[in-house]
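A.B. asks: One structure coming up, written as structure tokens, with questions to follow.
As structure tokens, this is what we get:
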């Protein structure tokens, strides 16, 4: 009997990767693009086959740029806005129509998909991790370093990081990986380090003059961002010169940075265990998708990986 294991997918990270990594081999230019759909389904088949989860949840961005994060730091993800848009994310024209097809495919197969209005997929993942950690091992699949913050060896939470080796050969991110790569001890410390460092790709300024290595050393030395800020306020003589000036100047940013960097642990996520399907949920819908979009092979690979064949 397979030991219980929960797998949480950062879905947008995966379907963007599929879109850019799987060739669009349409011979008929009027046919709808489905390379991201095929890639996403193949990713699921590979992950299920290689890691044998007993529960699988595709976590969804119901809001890719939540208002509470924009209120905290208005520059959050502004570079990803579509031209002239206030809220709409810039998505490649050939990817946008594929996302609803992925949704339909998941529903037909019976694979759980969960989002929460006003929250990102990261927050859905953070909430599900907080809800289930310590009860069973959890694998979070993503190409986004932000989710390293959920790593927790004692609770059995690790990240399968796809940015380098892809889904077939992901980096297994645990606390040893964090220590070797970043010089920090825990997922919690990663979030604090990331706040100090900032992230230009998300529009987070960080503290001027504080790069990744310095941020890691400071968090390690003081245990946490709160510990560092207490030391600054307390006049710790070890924090001096330009470093002290930069940290003091960044005080207003540090007040709000954690609100943006840290994933939510209390998003309104339904209590669905996400157990793997024991049968195809909607055979007619699956057959229609397979014939309409030429998805027979990737669908069959998922079915085979799930043991539904």
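Residue numbers (this note's numbering): 898 to 1206. Ideal placement from N, C-alpha and C gives every residue a C-beta, glycine not left out. Note that the structure is predicted; figures quoted are calculated from it, not measured.
1) When you compare only the Cα positions, how much space is there between residue 1065 and residue 1139?
2) Throw me the rounded Cβ distance for the residue 1093 and residue 1116 pair, which I believe falls under 8 Å.
3) Please report how far the alpha carbon of residue 1204 lies from the alpha carbon of residue 900, in whole angstroms.
4) Check this for me: beta carbons of residue 905 and residue 954, under 8 Å apart or not?
5) How is residue 1172 classed by DSSP in three states: helix, strand or coil?
6) What are the boundary residues of the beta strand (DSSP E) that includes residue 912?
7) Please classify residue 1069: is it buried, with 16 or more other beta-carbons within 10 angstroms of its beta-carbon, or exposed?
8) Report the partner residues of residue 1035 according to the DSSP bridge assignment.
9) From residue 1003 to residue 1010, what distance separates their C-alpha atoms?
10) Quick check on this structure: which residue in 1153, 1027, 1187 has the alpha carbon closest to the alpha carbon of residue 1089?
11) How far does the beta strand (DSSP E) with residue 1068 in it reach, from first residue to last?
12) Pull up the CB-CB distance for residue 1105 and residue 1147, whole angstroms please, since I reckon it's below 8 Å.
13) Counting pairs of beta carbons, one from the region 907-925 and one from the region 1032-1044, are three or more of them closer than 8 Å?
14) Do the region 962-978 and the region 1075-1091 meet, that is, are 3 or more Cβ pairs less than 8 Å apart?
15) Buried or exposed: which applies to residue 1072, given that a residue is buried once 16 or more other Cβ atoms fall within 10 Å of its Cβ?
16) Is it the case that the region 1048-1060 contacts the region 921-933, given that we only count it when at least three CB pairs across the two stretches are under 8 Å?
17) To which residues does DSSP link residue 1010 through a beta bridge?
18) Look up residue 1122 in the DSSP assignment and say whether it is helix, strand or coil.
19) Once DSSP output is grouped into helix, strand and coil, what is the label at residue 992?
20) In or out: residue 1110 buried (at least 16 other Cβ within 10 Å) or exposed?
21) Report the option in 1135, 1025, 1091, 1081 whose CA atom is closest to the CA atom of residue 1120.
22) Quick check: residue 1191 and residue 931, are their CB atoms within less than 8 Å of each other?
23) So what's residue 1020 in DSSP terms, helix, strand or just coil?
24) In the structure shown, what three-state DSSP assignment does residue 1205 receive?
25) May I ask you to list the residues that DSSP assigns as paired with residue 986?
26) Return yes when the Cβ of residue 902 is within less than 8 Å of the Cβ of residue 950, no when it is not.
27) Look up residue 1163 in the DSSP assignment and say whether it is helix, strand or coil.
28) What are the boundary residues of the alpha helix (DSSP H) that residue 922 is part of?
29) If we ignore side chains and look at the alpha-carbon of each, how far apart do residue 1179 and residue 1007 end up?
30) Along the chain, where does the alpha helix (DSSP H) that runs through residue 1046 open and close?
31) Which same chain residues, not among the five before or five after residue 974, have their C-beta less than 7 Å away from its C-beta?
32) Report all residues from its chain with a CB closer than 7 Å to the CB of residue 1052; omit the five preceding and five following residues, and keep chain order.
33) Can you tell me whether residue 1134 is buried or exposed, with buried defined as 16 or more other CB within 10 angstroms of its CB?
C.D. replies: On the basis of the coordinates in this document:
1) So the alpha carbons of these two residues sit roughly 45 Å apart.
2) Residue 1093 to residue 1116, Cβ: 7 Å. Contact.
3) Rounded to the nearest angstrom, the two C-alpha atoms are 16 Å apart.
4) Closer than 8 Å, so yes.
5) Here residue 1172 sits in strand by DSSP.
6) Premise fails: residue 912 lies in the alpha helix (DSSP H), 908-918, not in any beta strand (DSSP E).
7) With fewer than 16 other Cβ atoms within 10 Å, it is exposed.
8) Beta-bridge pairing links residue 1035 to 903, 1054.
9) Rounded to the nearest whole angstrom, the C-alpha separation of residue 1003 and residue 1010 is 7 Å.
10) For residue 1089, the nearest C-alpha among the options comes from 1153.
11) Here the beta strand (DSSP E) through residue 1068 covers 1068-1070.
12) Right, their Cβ atoms sit about 7 Å apart.
13) Contact between the region 907-925 and the region 1032-1044 is present, with at least three C-beta pairs closer than 8 Å.
14) Taking one beta carbon from each stretch, the region 962-978 and the region 1075-1091 have fewer than 3 pairs nearer than 8 Å; the two do not touch.
15) By the 10 Å Cβ count, residue 1072 comes out buried.
16) With a cut-off of 8 Å, the region 1048-1060 and the region 921-933 do not count as touching, because too few Cβ pairs lie within range.
17) DSSP lists 955 as partners of residue 1010.
18) Under the three-state reduction of DSSP, residue 1122 is assigned to helix.
19) Annotated three-state conformation of residue 992 is coil, per DSSP.
20) The residue is exposed, with fewer than 16 neighbouring Cβ atoms inside 10 Å.
21) Nearest C-alpha to residue 1120: 1081.
22) The Cβ-Cβ distance between residue 1191 and residue 931 falls below 8 Å.
23) It is helical.
24) In this structure, residue 1205 counts as coil in the three-state DSSP scheme.
25) BP columns for residue 986 point to 978.
26) Yes, Cβ-Cβ distance for residue 950 and residue 902 is below 8 Å.
27) The answer is coil: DSSP assigns residue 1163 none of H, G, I, E or B.
28) Looking at the DSSP string, residue 922 is not in any alpha helix (DSSP H), and its letter there is neither H nor E.
29) Going by the C-alpha atoms only, they are around 8 Å apart.
30) Neither: residue 1046 is in no alpha helix (DSSP H) and is coded neither H nor E.
31) Closer than 7 Å at the Cβ level, and outside the excluded window around residue 974, lie 962, 1099, 1100.
32) So the qualifying residues of the chain are 1030, 1031.
33) When all chains shown are included, residue 1134 counts as exposed.
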